[in-house]
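These notes are about the structure you will find just below.
Number of protein chains: 2
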Amino acid sequence: MNQDFIHTYVSVDCVVFGFDHDNRLNILLAQRHVDDVPVDRQRKLPGSLIFSNEDVDDAAHRVLHELTGIKKMVLKQFKCFADPFRASNQSDIKWMGTEYMHHIDRIITVAYLSLCKIDHKINSTKYETVDWYPVDQVPTLPFDHNKIINESLTEIRRWIETDFSIIFELLPKKFTIRQLYQLYSALSEKQIDIKNFHKKISSFNYIIPLEEIEQNVSHRAARYYRFDAKIYKKNNTKLIK
Amino acid sequence: MNQDFIHTYVSVDCVVFGFDHDNRLNILLAQRHVDDVPVDRQRKLPGSLIFSNEDVDDAAHRVLHELTGIKKMVLKQFKCFADPFRASNQSDIKWMGTEYMHHIDRIITVAYLSLCKIDHKINSTKYETVDWYPVDQVPTLPFDHNKIINESLTEIRRWIETDFSIIFELLPKKFTIRQLYQLYSALSEKQIDIKNFHKKISSFNYIIPLEEIEQNVSHRAARYYRFDAKIYKKNNTKLIK
DNA sequence: CCAAAAGTGTTGGGAATACACCCATGC
DNA sequence: GCATGGGTGTATTCCCAACACTTTTGG
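Quick note, the sequences are listed as chains P and S, same order.
The first sequence begins at 1 in UniProt numbering and counts up one residue at a time.
The second sequence begins at 1 in UniProt numbering and counts up one residue at a time.
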């Protein structure tokens, strides 16, 4: 065999987004176990090598399930990262040696996006600690995980533009139009008038008004709405363009 | 090492689009050399295993250069294909044995899109034969190459929507607005009125009218235009939405 | 009453669409 | 003249953004 051709391990890494109560995008980071590394340097994107009989999409589903305990999370492959030096940091090589009990000096990874309601119970079967980090407070991470996260931000924006309905994966089942507005604003960076946004959103027939309204707010209480995926799918209109 | 983890070869495959004079999208297919396979079954997407010190983007650039002789072709990674059985067909395994002189039974590939003016001279340093095939006349291909091509069609449409300017990679330097219209129609499937399209396109300041007009046509001759990338970049407007 | 946000109505401008009309060329 | 397509002008419609105004609630 020509020695020049790569023969390597392949992993998946998942960037899971959540939207917190301070209107910030958050990302789920897992803790990795490295004895002589300070705790605040032990965070990483959740990921795993893929099995020999496994497709990458299946591996990503597996990682997400091991991470959160949730089955069937929405997910989207977005890029393969294969810089020859992305895993050549000494402490990263050492960690892989511990984690996989083998010396690994190059590895390519397929990055995935996923979305999660931030109030959902996280029940990891694999990681001791799993925490939400606001995107602008993500620490320095191993490998090229910071780069992956940076690129995932433009990718989630594109995703929302392509399929507006996935935005509801980040909101509670009952939400106010202001919540949706703030999430959309955080994602789309073009500022829109909340009044017009309200009018437009509430005109969609798949945004169902509920009887329930906010409690204990020092202003007129906002109505809760829910998203109806079935109605949305029927009239595959362009929604917000 | 846990035997369950994949340790594999990684390749890139490139779907190169062209637009022919009958207003059809075409794809470049290369010929592979397999003695006892009929010639019409020897076509494949151009691709290659990646080198041990090579990033995937570099590998894709290399493949495209070996394929066409052109440097700096536009290119876009669009998906990693990793079905465990995508390379388990016997004749595919045999071909890989010949091509790479090693037994390979699983391989994952990273698929790229690229665009080429169909009149450009193709000067392959690697393949004996390289031919354009209209997308609806692509023969049955090895591995999952037909699947890759199918998915590349939705991807090129998305690409045009994201960045309209790349459409000019498929047209001659001098083109008529009708040519642009027919290409756009072939890609976007929503039918638009050519008159209004004409008006809109010619209003863009980066579409420069030339002195030259069509010759020997049995109707009023159309004007040629050219695309000015510099002007386009300056006012990054949304163009066609 | 005031502040803050919900929610509705009005209006004007710009873009997309439909379509009418004239121009140029070969047969 | 006629068919075909180039190219321009116009009217209408629709969407969007700006903004005014009313409603509701707590303090």
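Idealized CB from N, CA, C, for every residue including glycine.
Which same chain residues, not among the five before or five after residue i, have their C-beta less than 6 angstroms away from its C-beta?
{"i": "residue 209 of chain S", "result": "223, 225"}
{"i": "residue 239 of chain S", "result": "Any reading at residue 239 of chain S is ruled out, since the residue's pLDDT is 48, under 50, leaving its predicted position unreliable."}
{"i": "residue 136 of chain P", "result": "none"}
{"i": "residue 142 of chain S", "result": "44, 92"}
{"i": "residue 219 of chain S", "result": "none"}
{"i": "residue 122 of chain P", "result": "68, 130"}
{"i": "residue 37 of chain P", "result": "none"}
{"i": "residue 197 of chain S", "result": "181"}
{"i": "residue 21 of chain P", "result": "none"}
Apart from the five residues just before and just after residue i, which ones in its own chain have a Cβ nearer than 8 angstroms to its Cβ?
{"i": "residue 170 of chain P", "result": "17, 18, 19, 115, 116, 117, 118, 183"}
{"i": "residue 93 of chain S", "result": "87, 103, 104, 105"}
{"i": "residue 221 of chain S", "result": "213, 214, 215"}
{"i": "residue 237 of chain P", "result": "In this prediction, residue 237 of chain P scores a pLDDT of 49, lower than 50, which makes its location untrustworthy; the coordinate-derived value is nonetheless stated afterwards. Result list for residue 237 of chain P: empty, nothing under 8 angstroms."}
{"i": "residue 245 of chain P", "result": "The first residue shown for chain P is 1 and the last is 241, placing residue 245 of chain P beyond what the model contains."}
{"i": "residue 176 of chain P", "result": "214, 222, 223, 224, 225"}
{"i": "residue 167 of chain P", "result": "160, 180, 183, 184, 187"}
The alpha helix (DSSP H) that contains residue i, what's its start and end?
{"i": "residue 63 of chain S", "result": "56-68"}
{"i": "residue 186 of chain S", "result": "177-188"}
{"i": "residue 249 of chain P", "result": "A query on residue 249 of chain P cannot be resolved here, the shown segment of chain P reaching from 1 to 241 and no further."}
{"i": "residue 231 of chain P", "result": "229-234"}
For residue i, count neighbouring C-beta atoms within 10 Å of its own C-beta (all shown protein chains included) and say buried if the count is 16 or more, exposed if not.
{"i": "residue 91 of chain P", "result": "exposed"}
{"i": "residue 79 of chain P", "result": "buried"}
{"i": "residue 191 of chain P", "result": "exposed"}
{"i": "residue 72 of chain S", "result": "exposed"}
{"i": "residue 39 of chain P", "result": "exposed"}
{"i": "residue 96 of chain P", "result": "buried"}
{"i": "residue 85 of chain P", "result": "exposed"}
{"i": "residue 60 of chain S", "result": "buried"}
{"i": "residue 207 of chain S", "result": "buried"}
{"i": "residue 13 of chain P", "result": "buried"}
{"i": "residue 15 of chain P", "result": "buried"}
{"i": "residue 203 of chain S", "result": "exposed"}
From residue i to residue j, what does the alpha carbon distance come to, in whole angstroms?
{"i": "residue 241 of chain S", "j": "residue 205 of chain P", "result": "Annotation note: pLDDT 38 at residue 241 of chain S (below 50); position unreliable, coordinate value reported separately. Their backbone Cα atoms lie some 24 angstroms apart in a straight line."}
{"i": "residue 55 of chain S", "j": "residue 112 of chain S", "result": "13 angstroms"}
{"i": "residue 187 of chain P", "j": "residue 162 of chain P", "result": "13 angstroms"}
{"i": "residue 63 of chain P", "j": "residue 5 of chain P", "result": "28 angstroms"}
{"i": "residue 27 of chain S", "j": "residue 148 of chain S", "result": "12 angstroms"}
{"i": "residue 154 of chain P", "j": "residue 145 of chain P", "result": "15 angstroms"}
{"i": "residue 7 of chain P", "j": "residue 134 of chain P", "result": "36 angstroms"}
{"i": "residue 150 of chain S", "j": "residue 157 of chain S", "result": "12 angstroms"}
{"i": "residue 23 of chain S", "j": "residue 9 of chain S", "result": "38 angstroms"}
{"i": "residue 52 of chain P", "j": "residue 98 of chain P", "result": "20 angstroms"}
{"i": "residue 30 of chain S", "j": "residue 229 of chain S", "result": "31 angstroms"}
{"i": "residue 231 of chain P", "j": "residue 234 of chain S", "result": "41 angstroms"}
{"i": "residue 211 of chain P", "j": "residue 189 of chain P", "result": "32 angstroms"}
{"i": "residue 138 of chain P", "j": "residue 89 of chain S", "result": "45 angstroms"}
{"i": "residue 58 of chain S", "j": "residue 74 of chain S", "result": "12 angstroms"}
{"i": "residue 32 of chain P", "j": "residue 65 of chain P", "result": "17 angstroms"}
{"i": "residue 125 of chain S", "j": "residue 140 of chain S", "result": "25 angstroms"}
{"i": "residue 42 of chain S", "j": "residue 35 of chain S", "result": "9 angstroms"}
{"i": "residue 257 of chain P", "j": "residue 81 of chain S", "result": "Residue numbering for chain P in the displayed model covers 1 to 241; residue 257 of chain P lies beyond these limits and cannot be assessed."}
{"i": "residue 83 of chain P", "j": "residue 194 of chain P", "result": "43 angstroms"}
{"i": "residue 101 of chain S", "j": "residue 25 of chain P", "result": "49 angstroms"}
{"i": "residue 178 of chain S", "j": "residue 152 of chain P", "result": "38 angstroms"}
For the beta strand (DSSP E) containing residue i, name the first residue and the last one.
{"i": "residue 114 of chain S", "result": "107-115"}
{"i": "residue 91 of chain P", "result": "It is not in any beta strand (DSSP E) - residue 91 of chain P instead sits in the alpha helix (DSSP H) that spans 90-100."}
{"i": "residue 79 of chain S", "result": "75-81"}
{"i": "residue 11 of chain P", "result": "9-19"}
{"i": "residue 167 of chain S", "result": "Careful: residue 167 of chain S lies outside any beta strand (DSSP E) and carries neither H nor E."}
{"i": "residue 192 of chain P", "result": "Element bounds for residue 192 of chain P: n/a, residue is neither H nor E."}
{"i": "residue 25 of chain P", "result": "25-31"}
{"i": "residue 211 of chain S", "result": "207-213"}
{"i": "residue 133 of chain P", "result": "130-134"}
{"i": "residue 256 of chain P", "result": "As shown, chain P starts at 1 and ends at 241. That puts residue 256 of chain P outside it, with no answer to give."}
For residue i, which residues of its own chain have a beta-carbon under 7 angstroms away from its beta-carbon, when the five flanking residues on both sides are left out?
{"i": "residue 173 of chain P", "result": "226"}
{"i": "residue 11 of chain S", "result": "47, 48, 49, 50, 107, 109"}
{"i": "residue 131 of chain S", "result": "29"}
{"i": "residue 76 of chain S", "result": "112, 113, 159"}
{"i": "residue 128 of chain P", "result": "31"}
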